[in-house]
Amino acid sequence: MYLGLDLGTTGLKGVLIDAAQTVVAQATAPLAVSRPAEGWSEQDPADWIAAARDVLQALAAETGLGQVAGIGLSGQMHGATLIGADDAPLRPCILWNDTRAHAEAAEMDDDPEFRAVSGNIVFPGFTAPKLAWVARHEPRIFEAVARVLLPKDYLRLWLTGAAVSEMSDAAGTSWLDTGARDWSDALLEKTGLSRAQMPDLVEGSDTSGGLRAALAQEFGLPTGTPVAGGGGDNAASGIGVGVIRPGQAFVSLGTSGVLFAATEGYSPDPATAVHTFCHALPATWHQMGVILAATDALNWYANLVGRPAEDLTGALGALEAPGKTLFLPYLGGERTPLNDAAIRGAFTGLEHATDRAAATRAVLEGVTFALRDCRDALAATGTRIERLTAVGGGSRSDYWLQAIATALGVPVDRPVAGDFGAAFGAARLGQMAATGGGTELAPPPEMARSIAPVAALTDAFDAGHARYVAMRDRIFGA
């Protein structure tokens, strides 16, 4: 069997698959986010370890873990986990959706070498500007940094004792030479750091270390079980749904929203605010547009009106043309295509006729239009999307998938019942590391349904997107 562990923002998930990649068992443990100041988002790495223990204990109790032959890791990207000389965290991890380092990010992005080498804009949520912020505001902590780890790689340190990362996650730091798939000494030096403070790098399907004996004994796994490099959450999801070749793409409706496409090769275009990262397999890359609030926006609205999100979306019925009410889903800034940490969300066009259903549709449409912006940004780089596979919690909503299919003009496929996301992809990477396998272990899953664009509403969604863009530009400036 093979174990995938996905360290998400709101929880840690474990998936156990057999050699045929049938899911044998799964378990989750919740995680909370601390927001001690406006724009801040943090987690205590000790909570990740506690969640991992809970998940491993639950899986061990359900099926036993003695037959696990490989482990893969995935996780939320960009987090700055600062480790001292004793391998203990120096402060809470600064997460991907933390925007405190917007000034530092802008300063770095003004240096053309960052875009030229990393292939990306230096976004406030990326790792490098967070270290610049720490150097400026918490200098004693900065001076004590022995190692900077990404969240899943702190989990790896606990599992194996090895400080290792892999290419897909490292590409989101602003320190990686993304084309060369190696740390850039020049970019590290610009941040007052060195290669010695970075984890070693492996490919996602390679072995990064073996499970420590103490943990093997505690949870009943074989000592030295290989732990794969794994992948950042989106790259691991790409492995999970078999998006590994040019023309393949998926849309993820999780806390954030992602439009992810495998590409021909390394072809960055930072000006579009598209992310160009290494994939989790050797010599492969991908591009993605990222919005910071997808189900996060729906859950915010659900809390506002005091109803479960699934009840709100489940009551909508057949797809309707976008109404007068518009929603801009920028609750904590935006990445693609705006690269604006300060922009915030808005409801406009509210009227007496705006009932709960109309406002729910507006929220789903707002996220959908933000994803269309991502599609347009990807298209500007030459990346074309012919159809999408839908993953993430939001993909359970037929209404939302119909809206996305219609607004983007492509069929959206939903896999058969089961989770083919990041934890499943991590398990596949664990299988690759253990067996020496490759792309043949990452086929697309069986699809339960293909949702076609609603041709009768295409013009209405085109017009709705045009109103959305016009309203955004009117409020925030073009």
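When the count follows our numbering, it moves up by one through the sequence shown with no breaks and lands on 462 for the last residue. Beta carbons are placed, not taken as given, at the ideal position from N, Cα and C, and that holds for glycine. Here the structure is a predicted model, which means the values were calculated and not measured.
- By DSSP's assignment, E150 forms a beta bridge with V186.
- Non-local beta-carbon contacts of A146 in its own chain, meaning distances under 7 angstroms to residues more than five positions away in sequence, involve R140, S192 and G193 in chain order.
- In chain order, N81, T83, L276 and A277 place their CB closer than 7 angstroms to the CB of G316, counting only its own chain and leaving out the 5 sequence neighbours on each side.
- Within the region 308 to 367, the complete beta strand (DSSP E) runs of at least 3 residues fall at 310 to 312 and 330 to 332.
- Scanning the region 39 to 74 for uninterrupted beta strand (DSSP E) segments of 3 residues or longer gives 54 to 59 and 65 to 67, listed from N- to C-terminal end.
- For R99, the uninterrupted alpha helix (DSSP H) run begins and ends at P96 to S102, by DSSP.
- Remark: C-beta atoms of V258 and L362 approach each other more closely than 8 angstroms.
- T(-6) is the residue among T(-6), W32 and R37 whose C-alpha sits nearest the C-alpha of A16.
- Here T279 is near G377, since their CB atoms are less than 8 angstroms apart.
- By the Cβ test, the region 53 to 66 is in contact with the region 216 to 229, since at least three Cβ pairs between them sit closer than 8 angstroms.
- Nearest to S25 by alpha-carbon distance, out of E127, P76, G422 and V7, is P76.
- DSSP places R456 in the helix class (H, G or I) of the three-state scheme.
- Between A30 and G68 the beta-carbon gap is near 14 angstroms, outside 8 angstroms, which marks them as no contact.
- Collapsing the DSSP output to three states places I33 in a helix.
- Here V227 carries a coil assignment [DSSP, helix/strand/coil].
- When the alpha-carbon of W32 is set against those of A245, G421, L143 and T207, the nearest one is in L143.
- In the displayed model, T12 falls within a strand according to three-state DSSP.
- The beta carbon of S18 is closer than 6 angstroms to those of E26 in its chain, skipping five residues each way along the sequence.
- Assignment of D253 by DSSP, reduced to helix, strand and coil, places it in the coil class.
- For G109, there is no enclosing alpha helix (DSSP H), as DSSP marks it with neither H nor E.
- The beta carbon of D324 sits closer than 8 angstroms to those of Y314, G317, E318 and F460, all from its chain and outside the five residues before and after it, given in chain order.
- DSSP links G216 through a beta bridge to G59.
- At least 8 angstroms separates the beta-carbon of T390 from that of T256.
- Distance from the Cα of A454 is smallest, within the candidate group E88, D357 and W159, for D357.
- The beta-carbon distance between L0 and A36, rounded to whole angstroms, is 14 angstroms. This is too long to meet the 8 angstroms contact definition.
- Between the region 282 to 292 and the region 258 to 272, the count of C-beta pairs closer than 8 angstroms stays below three; the two stretches do not touch.
- Taking C-beta separations shorter than 7 angstroms and ignoring five residues to either side along the sequence, the partners of R345 in its chain run L300, E304 and G307, following chain order.
- The beta-carbon separation of A387 and T352, rounded to 5 angstroms, stays under the 8 angstroms limit for a contact.
- In the displayed model, D161 falls within a strand according to three-state DSSP.
- Residue pairing by DSSP places K114 opposite no residue, since no beta bridge is assigned to it.
- Contact between L312 and G204 is ruled out by a C-beta separation of about 50 angstroms, above the 8 angstroms threshold.
- As the crow flies, the alpha-carbon of G213 is around 18 angstroms from that of R131.
- With respect to S189, L413 sits close: the two C-beta atoms are nearer than 8 angstroms.
- When DSSP states are grouped into helix, strand and coil, H259 belongs to the strand group.
- Secondary structure of T390 (DSSP, three-state): helix.
- Counting other Cβ atoms within 10 Å of its Cβ, R340 stays below 16 and is therefore classed as exposed.
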